[in-house]
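Here the structure comes first, spelled out in structure tokens, and everything after it is commentary.
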Amino acid sequence: MFKNGALYIFLATIASLVLFSCSTQQKAQSRRNSIVAIDSQLIQKKNLLSDLDKQREKKLATNEMLDTASKSIQRFINKTKEEIQDQVTKDSLLIGETEVAREDWNKLKKSLTESQKSLKNITNRVQFIKDLLERNRVVKLDQDVIFKSGEYEVSPDIAASIVKFFEPAAAGVDSFIQKYPDFSLSLVITAKGYADGTTINENSKLYKQLKEQLKLQTSAPTNKDLNQELSNLRAKKVIELFQDFTTARSGNRQSNQHILYLYEGKGEDFPNPTIADYKTNDPRRRVVLLFWSIFPE
Numbered sequence: 012m013f014k015n016g017a018l019y020i021f022l023a024t025i026a027s028l029v030l031f032s033c034s035t036q037q038k039a040q041s042r043r044n045s046i047v048a049i050d051s052q053l054i055q056k057k058n059l060l061s062d063l064d065k066q067r068e069k070k071l072a073t074n075e076m077l078d079t080a081s082k083s084i085q086r087f088i089n090k091t092k093e094e095i096q097d098q099v100t101k102d103s104l105l106i107g108e109t110e111v112a113r114e115d116w117n118k119l120k121k122s123l124t125e126s127q128k129s130l131k132n133i134t135n136r137v138q139f140i141k142d143l144l145e146r147n148r149v150v151k152l153d154q155d156v157i158f159k160s161g162e163y164e165v166s167p168d169i170a171a172s173i174v175k176f177f178e179p180a181a182a183g184v185d186s187f188i189q190k191y192p193d194f195s196l197s198l199v200i201t202a203k204g205y206a207d208g209t210t211i212n213e214n215s216k217l218y219k220q221l222k223e224q225l226k227l228q229t230s231a232p233t234n235k236d237l238n239q240e241l242s243n244l245r246a247k248k249v250i251e252l253f254q255d256f257t258t259a260r261s262g263n264r265q266s267n268q269h270i271l272y273l274y275e276g277k278g279e280d281f282p283n284p285t286i287a288d289y290k291t292n293d294p295r296r297r298v299v300l301l302f303w304s305i306f307p308e
């Protein structure tokens, strides 16, 4: 009787161990399948990042994005793609095993948790980049509307009504920062000024002002030099006005101290590289482009 009881207990123990082992392997396979599904989504995100990188290149080519912003976004994209590849490679080493040893059970469980966190983080980053690239982050300001002919200062009337020119850029910055409060961001406002190729008369007041700004005492500046300086001074004035605008708009909030303001004169360069029929005295060339650039860190 005792022997039969002992045999029963032994067989029951063996059966329990077999059932536990099968259950363990089923759970292991279930977690493997979950990791495989997550890695598949990560690969899809990586492919989407490649598409977004092409969109970045297109915006840069059409002067809808600054070179510095483009490089920053490119680095962010490449870093994210590398993190995806690292996660997928690490997962593949573990899920490739046919059986999971008992001591590796916690490793598989931990890997699933890490993969889930990675997918969530990558998804947020991809959405961030997608949103950044899809937004219009440049405001075109016609110089003929802001500046009087042959001048780079702004009349009091225009200065008083400058809000209508700047509000779209300011609103775009505000909504983007509010949408991504968890991202570490740097903000740069840049004005790029452009001029047409019209000859500036040597006897004009503008000629003398620009020559003085160029600090040329003996040699005469070329017309290209003069238009370069004119575009530079107009870009500078737009930045000064935008600084005044943002300061008044935000009051005493400290956030404005973290905004970098830059300006650059592009002279007789074409504002839109895709336009092939620019004329010498073309109003489409007399613009200041105001960029707001968000740099992910």
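The sequence shown stops at residue 308 when you use this note's numbering, and every number in between is there. In this text, a Cβ means the ideal position worked out from N, Cα and C, and glycines have one as well.
Residue I305 holds the alpha-carbon nearest to the alpha-carbon of H269 among D280, G278, K131 and I305. Pairing E279 with K131, the inter-Cα distance amounts to about 47 angstroms. For I305, the beta-bridge partners assigned by DSSP are L198. For T134, the closest of D50, R296 and Y274 by C-alpha to C-alpha distance is D50.
Under the three-state reduction of DSSP output, L77 falls in the coil class, being neither helix nor strand. Note: K203 is bridge-paired with E275 and L300 in the DSSP secondary-structure output. Setting aside the 5 residues that flank it on each side, I95 is surrounded in the same chain by L53, K56, K57 and I133, each with a C-beta closer than 7 angstroms to its C-beta; the list follows chain order. The beta carbon of L152 sits closer than 8 angstroms to those of F176, V249, V298, V299, L300 and L301, all from its chain and outside the five residues before and after it, given in chain order.
The region 177-191 and the region 229-239 do not touch, with fewer than three beta-carbon pairs separated by less than 8 angstroms. In this structure, the beta-carbon distance from S83 to R67 does not fall below 7 angstroms. When C-alpha distances from V149 are compared across S215, I88 and L71, the shortest belongs to L71. Judged by beta-carbon spacing, L237 lies beyond the 7 angstroms limit of L252, meaning their Cβ atoms are not closer than that value. With at least 16 other beta carbons inside 10 angstroms of its own, K203 counts as buried. L77 has its alpha-carbon roughly 18 angstroms from the corresponding atom of F187.
Runs of the beta strand (DSSP E) lying entirely within the region 119-171, each at least 3 residues long, are 149-153 in chain order. Out of K216, Q154 and T201, the CA that lies nearest to the CA of P294 is found in Q154.
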